[in-house]
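Going by my numbering, the first residue of the sequence shown is number 7, and it counts up by one from there.
Ideal placement from N, C-alpha and C gives every residue a C-beta, glycine not left out.
Model, not experiment: these values are computed from the prediction.
One structure is given below, encoded as structure tokens.
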Amino acid sequence: MTATAETVRLTVGQAVVRFLANQWSERDGRRQRLFAGCLGIFGHGNVAGVGQALLQNELAGGEERLPYVLARNEQAMVHTAVAYARQKDRLQTWACTASVGPGSTNMLTGAALATVNRLPVLLLPSGTFATRVAGPVLQELEAPYAADVTVNDAFRPLSRFFDRVNRPEQLPTALLGAMRVLTDPVETGAVTIALPQDVQAEAFDWPVELFAERVWRVARPLPEAVDIEEAAALIRAARRPIVVAGGGVHYSGAEDALQAFCEATGIPVGETQAGKGALPHAHPQAMGAVGSTGTTAANALAGEADLVIGVGTRYSDFTTASHTAFQNPDVRFVNINVARFDAGKLAGLSVVADAREALTALAAALDGHAVDQAHRGRQAELWRDWDARVEAAHNPPAEVTDALADGVLTQSTVLGCVNELSDPRDVVVCAAGSMPGDLHKLWRVRDRKAYHVEYGFSCMGYEIPGGIGVRLADPDRDVFVMVGDGSYLMMPTELVTAVQERVKIIVVLVQNHGFHSIGSLSESLGSQRFGTRYRYRNEATGRLDGERLPIDLAANARSLGATVFEVHSRAELEQAIKNAKAAPADGGPVVIHVETDPTIHAPDSESWWDVPVSQVSDLDTTQRAHDAYTAHKATQRPYLAPTERTDR
């Protein structure tokens, strides 16, 4: 490397690493490095480019450091980066580098997950030769209709920003554009800069200004005064309002503002998956989860509500119970969101602003206003009833436990034990299967950052790498990864990464010999749990209905370097949790293996999720399911009526 007063000669890979090491984010006067490091797996696309640059950076030491972590699966490393970004309230993230072809396309699922959840991650997929001098190279896609198409074009619809650097001169524009999107709370998501392998290794004389320290301010947009006035008027006129708190409450750090708003007005709060924990458990206005996996308390109030105040939510179908949750014929919506796209949903009044700032302004505009005591009393009554159901699920009666096979517990009991024995600041992580719904209903959140369920994409395999990301972001908290056997088998290999980095995560591996969630869904849709059990193929019938497969997931986890506890009773589970909590912070992953009965469910939400049923069928089960589906469809509502004031 040679340098002058105005330029410095680096490869494109070296320039990328040096640039990323000098990026910072800032909010409310607090600065932090935008990139904690780079996750990667090397191959012939990046080993001599970004890989060499990371090595050179590591050996050089100093302040311009971009630490490198070796992952085992490219999709998993994106999940780790996304989980880290979520735990850091989108103020920090990781870069991810992958090799040509399958190494890069393995990141596509992670890219979609990041963008769906509005979480920042920088993806650096490697490409084939920009010069095309030796094409087609190993793992290159040839498109007869367009010579410039590569597999990396698949990132375009999944990314909030995409660029391909075919010449070194293009790199500064690509990098600056990427940073703009990563630090924009409205636009953020997966950001992709595709780097052909020959370009990565190409040297160029860069202006030294490119590598100056840059601070990207994460904005808090203020609400328009007229929007606050309109929203306040709608709230004053409402008799049965409810707040739906989404992930934007957490990303804005608006929990205290929400609590003050609800305490002053008495308006109850239902929480989405991303918004769970917006109010602490047992707060008088905290009604828990809302929607398809909601509590009966929140869903009853949602069904009666004449005004829904959405805060930082994108109103997914689980939140609206597929447009059946809000049944009041006069229901209207006020939507507080930093993104106009989400604020305009359900024909609501759009309050486009940072959640904390909007709630503070709205509380001031409503000074002295509160719902009547009858509404507060109904909240308390509904919550007492639901809390009793949760207690019964955590501690099932004898008629339930006596019916269980020896050594088998209910899933609700497992969740209750972990919830009770974990510390208030410990984080629970989950993503797919039946447990996200049960956690949404049953988990008692005691800290704003203690609940981490990825339910925008609900990606099987997210749990373990996501748990690593959370622990890296917040090493003073224990992280409980709740994962079923189906999701575990998608991506157990990141246990090796946790061993390598001495990252302590506590994985509660729930074994129920199949796909619990989809099995239950299949049964409810008349498909008889077809294809959802882990069974041998029956030689007599030719179907997958033979004996259980002899899968030993505890042995699998042990072989990957984890400390493993196998439990066969509630007492053993409780002791294993205590042992895992006592394990050293740098001791690597701990896995608790426990069997559960998939036919015993958590308390019903008394809600619905729209999954179509075959309109014609030879099966009686499917015919009956379609009749039930038709009845539910009749309760769906379009939510198209404009939200307008009625007091003028």
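Own chain residues within Cβ distance below 7 angstroms of residue i, not counting five before or after
i	result
Val-187	Arg-166, Phe-167, Glu-193, Thr-194, Val-197
Glu-219	Asn-28, Trp-30
Trp-389	Met-293, Ala-303
Glu-208	Thr-17, Val-18, Pro-174
Lys-587	Asp-484
Ala-266	Ala-369
Reference residue i, options the options, closest by Cα
i	options	result
Ala-200	Leu-114, Ile-273, Val-255, Ile-234	Leu-114
Asp-102	Leu-125, Pro-73, Gly-46	Before going further, note that residue 102 is Cys rather than Asp in the sequence given. Per the Cα distances, Gly-46.
Thr-628	Pro-402, Ile-241, Arg-535	Arg-535
Ala-399	Asn-518, Leu-388, Ser-418	Ser-418
His-522	Asp-491, Ala-546, Gln-506, Val-509	Asp-491
Ala-306	Phe-324, Ile-248, Ser-328, Ala-349	Ile-248
Ile-598	Val-619, Ser-611, Gln-506, Ser-575	Ser-575
Leu-700	Glu-12, Gly-49, Glu-545, Lys-510	The chain is shown only over 7 to 654; residue 700 falls outside these bounds and no answer can be derived.
Glu-578	Ala-404, Leu-16, Val-420, Asp-323	Val-420
Arg-384	Leu-128, Ala-311, Phe-571	Ala-311
Phe-161	Pro-142, Val-127, Pro-150, Ala-136	Val-127
Val-513	Arg-539, Glu-469, Ser-530, Asp-624	Glu-469
Asp-624	Gly-567, Gly-532, Ala-640, Gly-548	Gly-532
Ile-640	Asn-63, Ser-110, Gln-333, Glu-148	Checking the sequence, you will find Ala at residue 640 rather than Ile. It is Gln-333.
Arg-450	Cys-436, Met-466, Glu-426	Glu-426
Thr-538	Ser-428, Gly-520, Gly-35	Gly-520
Ala-244	Lys-351, Gly-309, Asp-336, Gly-109	Asp-336
Ser-528	Ala-561, Pro-481, Trp-222, Val-617	Val-617
Met-488	Glu-507, Ser-526, Phe-25, Ser-440	Ser-440
Gly-350	Val-22, Phe-25, Leu-646, Pro-609	Leu-646
Pro-242	Ala-266, Asp-159, Glu-146, Ala-369	Reading off the sequence, residue 242 comes out as Arg, not Pro. The shortest C-alpha separation from Arg-242 is found at Ala-369.
Gln-3	Arg-39, Glu-148, Thr-330	Residue 3 cannot be examined here, being either before or after the span of the chain that is shown, 7 to 654.
Residues of its chain near residue i, where Cβ-Cβ distance is below 6 angstroms and the 5 sequence neighbours each way are ignored
i	result
Pro-644	none
Val-139	none
Gln-20	Ala-59
Ala-695	Outside the shown range of the chain, which is 7 to 654, sits residue 695, and nothing can be said about it.
Asn-52	Thr-103, Ser-105, Ser-132
Pro-471	Ala-82, His-85, Thr-86, Glu-500
Phe-210	Pro-174
Arg-320	Asp-348
Gln-279	His-446, Val-459, Tyr-461
Ala-367	Pro-229, Ile-234
Ala-54	Ala-207
Phe-571	Ala-582, Ile-598
Cβ distance (whole Å) where residue i is taken to contact residue j below 8 angstroms
i	j	result
Gly-133	Val-106	7 angstroms
Ile-524	Thr-503	Incorrect: roughly 28 angstroms between the Cβ atoms, too far for contact.
Gln-93	Val-476	5 angstroms
Cys-44	Tyr-74	5 angstroms
His-287	Arg-452	6 angstroms
Glu-32	Val-221	5 angstroms
Proximal residues to residue i (C-beta, below 8 angstroms), its chain only, five neighbours per side dropped
i	result
Leu-344	At residue 344 the sequence reads Val, which differs from the Leu that was named. For Val-344, where only same-chain residues beyond five positions count, the Cβ hits under 8 angstroms are Pro-191, Val-192, Pro-227, Gly-254, Ser-258, Gly-318, Val-358, Ala-359, Asp-360, Ala-361.
Leu-240	Leu-313, Arg-338, Val-340, Leu-355, Thr-649, Arg-651
Val-171	Val-18, Leu-177, Ala-180, Ile-199, Ala-200, Leu-201, Pro-202, Val-205
Asn-518	Gln-417, Gly-490, Asp-491, Glu-601, Thr-602, Asp-603, Pro-604
Val-509	Ile-474, Arg-477, Leu-478, Thr-503, Gly-594, Pro-595
Met-7	Residue placement at Met-7 is flagged as unreliable, the pLDDT there being 47, under the threshold of 50; a coordinate-derived value is accordingly withheld.
Phe-135	Gly-141, Val-143, Pro-202, Gln-203, Asp-204
Tyr-540	Asp-491, His-519, Gly-520, Arg-554, Leu-555, Ile-557
Asp-480	Gln-93, Val-433, Lys-455
beta-carbon residue i near the ligand ZN non-hydrogen atom, thresh 8 angstroms
i	result
Glu-146	Absence of the ligand ZN is noted for the structure shown, with no ligands found whatsoever.
What are the start and end residues of each continuous beta strand (DSSP E) run of 3 or more residues lying completely inside the region 469-518, in chain order?
Complete beta strand (DSSP E) runs here, min 3: 485-490, 512-517.
Counting beta carbon pairs with one atom in the region 443-463 and one in the region 588-605, are three or more of them shorter than 8 angstroms?
These segments do not touch.
Entirely enclosed alpha helix (DSSP H) segments - the region 554-610, minimum 4 residues
The alpha helix (DSSP H) runs lying completely inside the region 554-610 and spanning 4 residues or more are 559-565, 576-588, given in chain order.
Given 8 angstroms, three or more beta-carbon pairs between the region 579-592 and the region 541-555:
No contact exists between the region 579-592 and the region 541-555.
Would you mind listing the alpha helix (DSSP H) stretches within the region 215-292 that are 4+ residues and don't spill past its ends, in chain order?
Counting whole runs of 4 or more residues, the region 215-292 contains the alpha helix (DSSP H) stretches 231-243, 253-258, 261-271.
Should the region 404-413 be regarded as contacting the region 480-496, the criterion being three or more beta carbon pairs within less than 8 angstroms?
When Cβ pairs closer than 8 angstroms are counted between the two stretches, the region 404-413 is seen not to touch the region 480-496, the count staying below three.
Could you tell me which whole alpha helix (DSSP H) segments of length 4 or greater appear in the region 340-399?
Those alpha helix (DSSP H) runs which fall completely within the region 340-399 and span 4+ residues are 346-349, 361-371.
Meets three-Cβ-pair contact criterion under 8 angstroms: the region 234-242 and the region 293-302:
No, the region 234-242 is not in contact with the region 293-302.
What are the start and end residues of each continuous beta strand (DSSP E) run of 3 or more residues lying completely inside the region 164-190, in chain order?
Listed in chain order, they are 167-170.
Length-filtered (3 minimum) beta strand (DSSP E) runs lying within the region 66-129:
Inside the region 66-129, DSSP marks whole beta strand (DSSP E) runs of 3 or more residues at positions 74-76, 99-104, from first to last along the chain.
Measuring CB atoms only, is the region 267-285 touching the region 372-384, in the sense that at least three cross pairs come out at less than 8 angstroms?
At 8 angstroms Cβ cutoff, the stretches touch.
Touching or not, the region 456-467 and the region 278-296, by the rule of three or more beta carbon pairs under 8 angstroms?
Counting Cβ pairs under 8 angstroms, three or more are found: they touch.
Which ranges does the beta strand (DSSP E) cover as unbroken runs of at least 3 residues, wholly within the region 11-57, from first to last along the chain?
Within the region 11-57, the runs of beta strand (DSSP E) that reach at least 3 residues and sit entirely inside it are, in chain order, 13-17, 29-33, 36-39, 41-46.
What runs of the beta strand (DSSP E), each 3 residues or longer, lie entirely inside the region 308-341?
313-317, all fully within the region 308-341.
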